[in-house]
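J.: Supplied in structure tokens, the structure appears directly below.
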Amino acid sequence: METLVIIGAGGFGKEAAWAVARMNAIVPRYTLAGFCDDRPGPAGTHYGLPLLGPLEKAAASLKGPVAFYCAIGANAVREKLVDRALAAGWFPCEAIVDPSVIVAPGATVGGGSYIGAGSILSPDCRLGSHVIVNQHCSIGHDSVTADFAQVCPGARVNGECVLGRSAFVGSGAVLKQGVRLGVGAVLGAASFAVKDIADGCTAIGNPARVIFQPPSHS
Numbered sequence: 118m119e120t121l122v123i124i125g126a127g128g129f130g131k132e133a134a135w136a137v138a139r140m141n142a143i144v145p146r147y148t149l150a151g152f153c154d155d156r157p158g159p160a161g162t163h164y165g166l167p168l169l170g171p172l173e174k175a176a177a178s179l180k181g182p183v184a185f186y187c188a189i190g191a192n193a194v195r196e197k198l199v200d201r202a203l204a205a206g207w208f209p210c211e212a213i214v215d216p217s218v219i220v221a222p223g224a225t226v227g228g229g230s231y232i233g234a235g236s237i238l239s240p241d242c243r244l245g246s247h248v249i250v251n252q253h254c255s256i257g258h259d260s261v262t263a264d265f266a267q268v269c270p271g272a273r274v275n276g277e278c279v280l281g282r283s284a285f286v287g288s289g290a291v292l293k294q295g296v297r298l299g300v301g302a303v304l305g306a307a308s309f310a311v312k313d314i315a316d317g318c319t320a321i322g323n324p325a326r327v328i329f330q331p332p333s334h335s
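Here the numbering used here is used: position 100 in the sequence shown is 217, and no number is missing along the way.
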């Protein structure tokens, strides 16, 4: 059994711990040591597991190899915390994939990613590391989801789509087949993207229209 720490003592941390428990019930893999979190607060428990304090404090107290899962929804913050965990000598856990997820042949998921209950990964889709695919999502065939991207509950990513690094797909949003969501781009909740959304842009509506684009540095 590998020691596993969840970074982030919030609601998403609970969901990650729940998925790990469901995985362990089928094939025991992880011993959950608890949660670490930078937010000040009294010692105690969260979702029945110990609160270990800030990441570096937890790293100093735990002995032996430690795997981690970063349960932080904000993509940029998650990336910074992953860097801190690696610097502390921890290593990313294998993907947390709820047992209810349907994984088709050829689908691949990188380390430190999370696939929530009721989701579907279609044939030959590729998901990078530290990706979040939340509950009841579908990821289409031959699509590519880069590191640190996030797909919120109920979203639909159709076949051959591309999600750039740290891209964000809001709850219930849909990407038409072949659409590209750029690096750090955002598709708002319940929106329908029928054409590409450039790096750093935010689009909402049906069809989705860009409401924010980063300033040009030309």
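No residue lacks a Cβ here, since even glycine has one placed at the ideal position from N, Cα and C. Remember, it's a predicted structure, so these values are computed and weren't measured experimentally.
1) Considering just the uninterrupted stretch of the beta strand (DSSP E) at V296, what are its terminal residues?
2) Straight-line CA distance for P332 to N141?
3) Determine the closest residue to C278 out of T262, L304, S308, with distance taken between C-alpha atoms.
4) My parser needs the beta strand (DSSP E) runs of 3 or more residues fully inside the segment 137 to 172; what are they?
5) With DSSP as the reference, please indicate the residues paired to C187 in a beta bridge.
6) Quick check on DSSP: helix, strand or coil for H311?
7) Could you tell me the boundaries of the beta strand (DSSP E) in which R80 lies?
8) Within the chosen definition, does the segment 148 to 164 reach the segment 235 to 251 through at least 3 CB pairs nearer than 8 Å?
9) Could you round the C-beta distance between A212 and G228 to whole angstroms and report it? I think they count as a contact, below 8 Å.
10) Quick one: measure Cβ to Cβ for S255 and L244, integer angstroms, because I've assumed they're closer than 8 Å.
11) Would you say the segment 179 to 187 touches the segment 199 to 211, given that touching needs at least three Cβ pairs under 8 Å?
12) Return the chain-ordered list of same chain residues with a C-beta closer than 7 Å to the C-beta of S308, the five sequence neighbours on each side being excluded.
13) Report back the beta-carbon spacing between A272 and A284 to the nearest angstrom; my notes put them in contact at under 8 Å.
14) How far does the alpha helix (DSSP H) with A320 in it extend, from its first residue to its last?
15) Count the other CB atoms, across all protein chains shown, that sit within 10 Å of the CB of A221; report buried if there are 16 or more and exposed otherwise.
16) With a cut-off of 8 Å on the beta carbons, I'd call L168 and Y147 a contact; round off their distance for me.
17) According to the Cβ coordinates, are A188 and F265 closer than 9 Å?
18) Note the first and the last residue of the continuous alpha helix (DSSP H) segment covering K197.
19) Per DSSP, E119 forms a beta bridge with which residues?
20) Compute the Euclidean distance between the alpha carbons of D241 and G257, then round it to the nearest angstrom.
T.: On the basis of the supplied data:
1) Working through the sequence shown from its first residue, we reach residue 296 at position 179. Careful: V296 lies outside any beta strand (DSSP E) and carries neither H nor E.
2) The count along the sequence shown starts at 1 and reaches residue 332 at position 215. The count along the sequence shown starts at 1 and reaches residue 141 at position 24. Approximately 47 Å between the Cα atoms of the pair.
3) Here residue 278 corresponds to residue number 161 of the sequence shown, with the count starting at 1. Selected option, being the one with the closest Cα: T262.
4) 147 to 153
5) For the purposes of this step, residue 187 is identified with residue 70 of the sequence shown, where counting begins at 1. Answer is I124.
6) Within the sequence shown, numbered from 1, the residue matching residue 311 stands at position 194. The sequence shown places Val at residue 311, rather than the His named in the question. Reduced to three states, the DSSP call for V311 is coil.
7) Only positions 118 to 335 of the chain appear in this structure, which leaves residue 80 out of reach.
8) Put simply, the segment 148 to 164 does not touch the segment 235 to 251. Fewer than three CB pairs are less than 8 Å apart.
9) In the sequence shown, the residue the question calls residue 212 occupies position 95. In the sequence shown, the residue the question calls residue 228 occupies position 111. With a Cβ gap of about 6 Å, A212 and G228 count as contacting.
10) Here the question's residue 255 lines up with position 138 in the sequence shown. Here the question's residue 244 lines up with position 127 in the sequence shown. That pair is no contact at about 13 Å.
11) With the cut-off at 8 Å, the segment 179 to 187 and the segment 199 to 211 touch.
12) In the sequence shown, residue 308 corresponds to position 191, counting from 1. Once the five neighbours on either side are set aside, the close Cβ partners of S308 are G287, A290, A320, I321, G322, N323, A325.
13) Looking up residue 272 in the sequence shown gives position 155. Looking up residue 284 in the sequence shown gives position 167. At roughly 11 Å, the Cβ-Cβ gap does not stay under 8 Å, so A272 and A284 are not in contact.
14) Residue mapping note: residue 320 aligns to position 203 of the sequence shown, counting from 1. Taken as a continuous stretch (DSSP letters only), A320 belongs to no alpha helix (DSSP H), being part of the beta strand (DSSP E) at 319 to 321.
15) Position 104 of the sequence shown, counted from the first residue, corresponds to residue 221. Classification of A221: exposed, given that the 10 Å Cβ count is below 16.
16) Position 51 of the sequence shown, counted from the first residue, corresponds to residue 168. Position 30 of the sequence shown, counted from the first residue, corresponds to residue 147. 18 Å between Cβ atoms; not a contact.
17) On the sequence shown, residue 188 is found 71 positions in, with the first residue counted as 1. On the sequence shown, residue 265 is found 148 positions in, with the first residue counted as 1. Contact: no.
18) The residue you call residue 197 lines up with position 80 of the sequence shown. K197 -> alpha helix (DSSP H) spans 192 to 204.
19) Within the sequence shown, the letter at position 2 stands for residue 119. E119 pairs with Y147.
20) Position 124 of the sequence shown, counting from 1, holds the residue named residue 241. Position 140 of the sequence shown, counting from 1, holds the residue named residue 257. Whole-angstrom Cα-Cα distance: 9 Å.
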